[in-house]
Each structure stands twice: as structure tokens, then as C-alpha cells.
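Protein chains in written order, with my numbering: chain L, 183 to 426; chain Z, 183 to 426.
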DNA sequence: TGATAATTTGACCGGTTGGTAAACATTACA
DNA sequence: TGTAATGTTTACCAACCGGTCAAATTATCA
């Protein structure tokens, strides 16, 4: 059983975001927010995550989501005015969670330990929340038409901030001089690879590695890669050699 | 102007692959293969690459491909019996090209130089053939329903072979001991990231880095990462310091 | 319990999509 | 040049898709 993260934003449906038509779904025009609304919207977003992450926006149909959610199509449209509104709400809800590990990146910590812990956390997310990863991957891969603002706004701001931290570490000689942005890209890509390209990873590794062992192997490899690189180190630290 | 790789497989349309219905498109039932068939199929596959790579299989329509190809929808279906057949032919044609860099991986070369050169080549492909990269990314991301065989067959075989080479290098002490499969995954993910997640990379870097400079920065960073890691090296090799 | 608010659904609509049929146009070649 | 082979297009179809509507059902609470 996997951890089931409860997401923070609750009142995400009532207020439609600016820029759009700003028409409320009928469920949001009731006098107060009911228990049923709470539950059903939760059900729908869970189903939407399942479907959107597997087929992308265009490749998903409201009927599919309705079937997974166990309700009828018009009922879905009672809670979310359009298919796009479902996607929107899902993105808004998941993006925060998704950026948490980067936010926890601590300027005052030990640089190598911070990076190592960031890698570990991202890898855990790839293992425990692959659908969320694929949701974004699908979106970005197809040109991010629906999340451009989030990328250029909040995401860029956060990355700029953390890149500055890394640059300072490098300047102080605590880690090797390197482009902090590309370091972040490298950590993102290597860890999310295990969620986004899961079928390929499984196909290549073969079914003998059926369990979650590949995540532990990946963690070991990535920690070593980012810390030591591939060069043969003269005095290998003993902890690394226990694995093999 | 980017290099325009001419692909090898020519007679890719005549023989439909096993497993399917095995019905030939009308163009393949002619007495001989004509010049027009050659040209039009080329046009169509080029257009199909443009569209499929941008929207995925489900998200692409035959009409879109027809418009990009500059011909009518029924005309496309004269050369390819179904939308799936176009996709199939495209995958078959592109997969070979795509695996070339890994094939060139040479067991007899200098390990570090080989890995460095593999990274460079993959990065060049991400820059020069991003559509090909996204075509596969879209497919794999959505569960690889149409290329499962290729992944478990030819791809796995090639990776197994090269992984053995890397393992031998590690055993001989020429590079650090590490899991060769995860090393290959790491090279794939970090390099293809610049093709598949291009809009995100651009958004985060900002438009000041509009040109192809990010690819040179990425190359510098990745070479350093994979060779030296992030640990501060006592005697940094002089070539690396010229960049900054 | 009754009345009102909230929820659910079946029937339907216009537009799109993958694909077909057949008429029409063009090319290759004897 | 004539004709058979090849190529192209118009018109069309059935299934699907996003979304609406009005009627029916259920929950809430005075």
C-alpha cells in the first residue's frame, strides 16, 4: 500500500481562474458547499488523474473519466463545467505537491547532503506518485499549452531562487563549479525518468526485477553519480562498496 | 539549417507487420513501386512525424497530417491504410536512427571518452531531432501500447549488450563500479530532457537564452557531471576551467 | 412530513474523426 | 496517341465526443 497524500487546496473549484470565461459549474452555485460536493469532486479529480496521466489531455475523454469515477458524464459536468476545467483543477491541486521537494531545498544545510536528499525525495515521488509525474510530462511534452503561465511564473521563480543557492555553494567551494540550472534539470530528468518512462525501464530491465528494487538501485546509482561521478576515486568511501 | 538525416529503410510500406490484419494499402498493390509512391510516402511520413511528435497518437488527426503534407485525407489513406499504419511505419523508420549512438558505443575505446562521446552525440540528437525524441517519449509515456515489442526485443537486446561492456569496464577498474543499466538510463534521461521538455527548459531559463546556447551549457555540465560528479576535485583538469 | 434545494440521469445535438466508395484526373508505356 | 495503370478528390457514413436540457430522484431541514 502506497502513501496517499492528502492535498491541501480544498476550495479549488469554486473560484474559476482568471482569463477564462469565468462561468461557474452548477454545483458551485448552491447556497453552501455540501458534503456531497466535497466527496464527488474528490472522486472526479482522482479519476481524472488516472485518465489524464495515462492518455494526455486530448487523448482522454469525459466518458472515460466518468467510468473510472463511477458516475455519469452529465454528473461530472455538474461539478466541472468543461473537460478543461477538470484538467485545470487537477493541475492546480497537484503542482504544489509536486514542487514541495524543491522548496525544502535548504540553503543552510550541507550541500552534498541537501542534493542527496533532494534526489532521494524526487525518486520517492517518482515511485509513489507516478501519475502526477506523467500528468506534467504529458502536458510539457506537448508544448504545455495549458500550463505555460505556471512554468514561466511560479516554477521559474522557485528554480531561480534555488539556483542562486547552488551558485553560492559553488562559489564558496562547497561543491564543484557547475551550472545550477542544468544541475536541477539533471536531477529532475534522471528521477522522473523512472515514473515517465516506467514501461521502457521495465522492458529493458526484464521482468526478473519486477518489484520496486529498481528504485533502490537507481537511488544508489544516482547518489553516487551526482556526488562522485564515474571517475575511479582513489579512496572509495566504504559505504558505497557494500552494495556490490 | 539543421542536418537532414536521410533514413535507411525504403521498402517499409509494402510489407505490413505480422500480428495485424495484413491488408495492404492500395498504393502497395500496384505492379511496381513508382517514383510518386516514393515521394508521397516520404512527404506523408515527414508530416506524420511533425504531428504525432507534437500531439501523440490519439491527439493527432489524419486531417492534420494531411494538411501538413499538403494533400487530401483520402489521398493519405491511399498510401497508408490506417492512421495506425502511418504511426507504425514512422516508428519503424525512426527507431534505427534513434539507436545509432548507442550502437556506436565501442568496447575497445577509452571508457571515459566513449561515455563522453555518447553523451555528446545524444545531446546533438536532442538538438537536431527533437521531434523523433518526442515521438518516442509520447509513446512510452502513454504505456507504449504500439511499440511494446520493440522495447522488449531489439532495444533490450542492444542495451543488454552495451551494459555488459560497461560492466566489464567497471570490473577492470577503468570506471567506478556502478549499475550499467541505470547509467544508460541516466544518460538517456538527461540528454533527451532537452528535447522532450524543451518548453519547460526554455521557460525556466528565460528568453535571454533564446539561441542554442543551452545545449552547449548542458554539454559542459553533463560531461563534468558524469565524469567528475559534484565533489570538489583536488586538482581540476585544466580544460574544464576554460569555460567559466 | 412536506417543501425546497441539491443531485443524477437519459435523451439529445452539432461538430469531429477515421475510414470508404466511386467518379474523375493523370501518368506511363506500348 | 491511345489505353490501361496509377493517382486524386468529392461526397459520404457511422461512431465518437464535448456539452446541454429537462425531467426525475434524492437529500436537507423547518
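We put the CB at the ideal spot given by N, CA and C, even for glycine.
Can you list, in chain order, the residues of the stretch 321-332 of chain Z whose Cβ is nearer than 8 Å to any Cβ on chain L? Within the stretch 321-332 of chain Z, the residues whose Cβ lies closer than 8 Å to any Cβ of chain L are, in chain order, 322, 323, 324, 325, 326 and 330.
Output yes or no for whether 8 Å exceeds the beta carbon distance between residue 305 of chain L and residue 271 of chain L. The answer is no: Cβ separation not under 8 Å.
Relative to the alpha-carbon of residue 337 of chain L, which residue among L:280, L:325, L:356 and L:373 has its alpha-carbon at the smallest distance? With distances taken between Cα atoms, residue 337 of chain L lies closest to L:280.
Would the stretch 335-350 of chain L count as touching the stretch 261-275 of chain Z if we require 3 or more Cβ pairs under 8 Å? Between the stretch 335-350 of chain L and the stretch 261-275 of chain Z, the count of Cβ pairs shorter than 8 Å is below three; the stretches do not touch.
Taking three-plus beta-carbon pairs below 8 Å as touching, is the stretch 213-233 of chain L in contact with the stretch 245-254 of chain L? Flag = yes, the stretch 213-233 of chain L and the stretch 245-254 of chain L touch.
Listed from N- to C-terminal order along the chain, which residues in the stretch 395-412 of chain Z have their beta-carbon within a distance smaller than 9 Å of any beta-carbon of chain L? Answer in chain order: 396, 399, 400, 402, 403, 404, 406, 407, 408, 409, 410, 411 and 412.
C-alpha distance - residue 375 of chain L paired with residue 237 of chain L, whole-angstrom precision: C-alpha separation (whole angstroms): 17 Å.
Identify whether residue 407 of chain Z lies in helix, strand or coil by the three-state DSSP scheme. Helix, per DSSP.
If we ignore side chains and look at the alpha-carbon of each, how far apart do residue 380 of chain L and residue 298 of chain Z end up? Approximately 25 Å between the Cα atoms of the pair.
For residue 389 of chain Z, count neighbouring Cβ atoms within 10 angstroms of its own Cβ and tell me buried if that reaches 16, exposed if not. Looking at its Cβ environment, which holds fewer than 16 other Cβ atoms inside 10 Å, residue 389 of chain Z is exposed.
Find out if the Cβ-Cβ distance for the pair residue 361 of chain Z, residue 361 of chain L is shorter than 8 Å. Going by beta carbons, residue 361 of chain Z and residue 361 of chain L fall outside the 8 Å limit.
Can you list the residues of chain L that residue 372 of chain Z reaches, using a CB-CB cut of under 7 Å? For the C-beta of residue 372 of chain Z, the chain L residues within less than 7 Å are, from N- to C-terminus, 368, 371 and 372.
Could you tell me if residue 406 of chain Z is buried or exposed, where buried requires 16 or more neighbouring beta carbons within 10 angstroms of its beta carbon? By the 10 Å Cβ count, residue 406 of chain Z comes out buried.
Taking only runs that begin and end inside the stretch 375-403 of chain L, name each unbroken alpha helix (DSSP H) of 4 or more residues, in chain order. With a minimum length of 4 residues, the continuous alpha helix (DSSP H) runs that stay inside the stretch 375-403 of chain L are 380-387.
Supposed contact pair residue 385 of chain L and residue 333 of chain Z - C-beta distance, whole angstroms, cut 8 Å: The beta-carbon distance between residue 333 of chain Z and residue 385 of chain L, rounded to whole angstroms, is 4 Å. This is short enough to meet the 8 Å contact definition.
Which ranges does the alpha helix (DSSP H) cover as unbroken runs of at least 4 residues, wholly within the stretch 234-274 of chain Z, from first to last along the chain? Runs found: 244-251 and 255-261.
Taking the beta carbon of residue 316 of chain L as the centre, do at least 16 other beta carbons fall within 10 Å, making it buried, or is it exposed? By the beta-carbon neighbour count (other beta carbons within 10 angstroms, threshold 16), residue 316 of chain L is buried.
What three-state label does DSSP hand residue 357 of chain Z in the structure shown? Looking at residue 357 of chain Z - three-state DSSP - the assignment turns out to be coil, as it is neither helix nor strand.
What is the DSSP secondary structure of residue 369 of chain L, counted as helix, strand or coil? Here residue 369 of chain L sits in helix by DSSP.
Between residue 309 of chain Z and the rest of its own chain, which residues show a CB-CB distance below 6 Å, the 5 nearest in sequence each way excluded? Here residue 309 of chain Z has 397 as same chain residues with Cβ atoms under 6 Å from its own Cβ, once five neighbours each way along the sequence are excluded.
CB of residue 323 of chain Z within 8 Å of CB of residue 352 of chain L, strictly: Taking the C-beta atoms as reference points, residue 352 of chain L is found no nearer than 8 Å to residue 323 of chain Z.
Residue 382 of chain L at chain Z interface by Cβ criterion, 8 Å: It does: the Cβ of residue 382 of chain L has a partner Cβ on chain Z nearer than 8 Å.
Please check if any C-beta of chain Z sits within less than 8 Å of the C-beta of residue 347 of chain L. At a cut-off of 8 Å, the C-beta of residue 347 of chain L has no neighbouring C-beta in chain Z.
Does DSSP put residue 322 of chain Z in a helix, in a strand, or in coil? In this structure, residue 322 of chain Z counts as helix in the three-state DSSP scheme.
What residues from chain L crowd round residue 240 of chain Z, counting only those whose CB sits closer than 9 Å? Under the 9 Å cutoff, chain L gives 237, 238, 240, 241 and 242.
Please list the residues of the stretch 251-268 of chain Z that have a C-beta atom closer than 7 Å to any C-beta atom in chain L, keeping them in chain order. The residues in question: there are none.
If we define contact as Cβ-Cβ less than 8 Å, is residue 334 of chain Z a contact residue for chain L? Taking a beta-carbon distance threshold of 8 Å, residue 334 of chain Z counts as an interface residue toward chain L.
Which residues in chain Z sit within 9 Å of residue 338 of chain L, going by Cβ to Cβ distance? Identification of chain Z residues near residue 338 of chain L by a Cβ-Cβ cut-off of 9 Å yields 385, 386, 387 and 388, ordered along the chain.
In whole angstroms, what is the alpha-carbon distance linking residue 423 of chain L and residue 288 of chain L? Confidence at residue 423 of chain L is low in this model, with a pLDDT of 41, below 50, so its placement is unreliable and no value can be given for it.
Where residue 289 of chain L meets chain Z, residues with beta-carbon distance less than 7 Å: The contacting residues do not exist; residue 289 of chain L stays about 16 Å from chain Z at best.
Under 8 Å from the C-beta of residue 278 of chain L: neighbouring residues of chain Z: Near residue 278 of chain L there are no residues of chain Z at all, since even the closest Cβ is about 17 Å away, more than 8 Å.
Express the C-alpha separation of residue 286 of chain L and residue 245 of chain Z in angstroms, rounding to a whole number. Each residue's Cα considered, the two are about 47 Å apart.
Enclosing alpha helix (DSSP H) for residue 293 of chain Z [first to last residue]: Segment 293-310, the alpha helix (DSSP H) holding residue 293 of chain Z.
Applying a beta-carbon distance threshold of less than 9 Å, which residues of chain Z neighbour residue 319 of chain L? Ordered by position in chain Z, the residues that pass the 9 Å Cβ test against residue 319 of chain L are 319, 323, 378 and 379.
Simplified DSSP assignment, three categories, for residue 151 of chain L: No answer is possible for residue 151 of chain L: it lies beyond the span of chain L, which begins at 183 and ends at 426.
According to DSSP, is residue 211 of chain Z helix, strand or coil? DSSP places residue 211 of chain Z in helix when its eight states are reduced to three.
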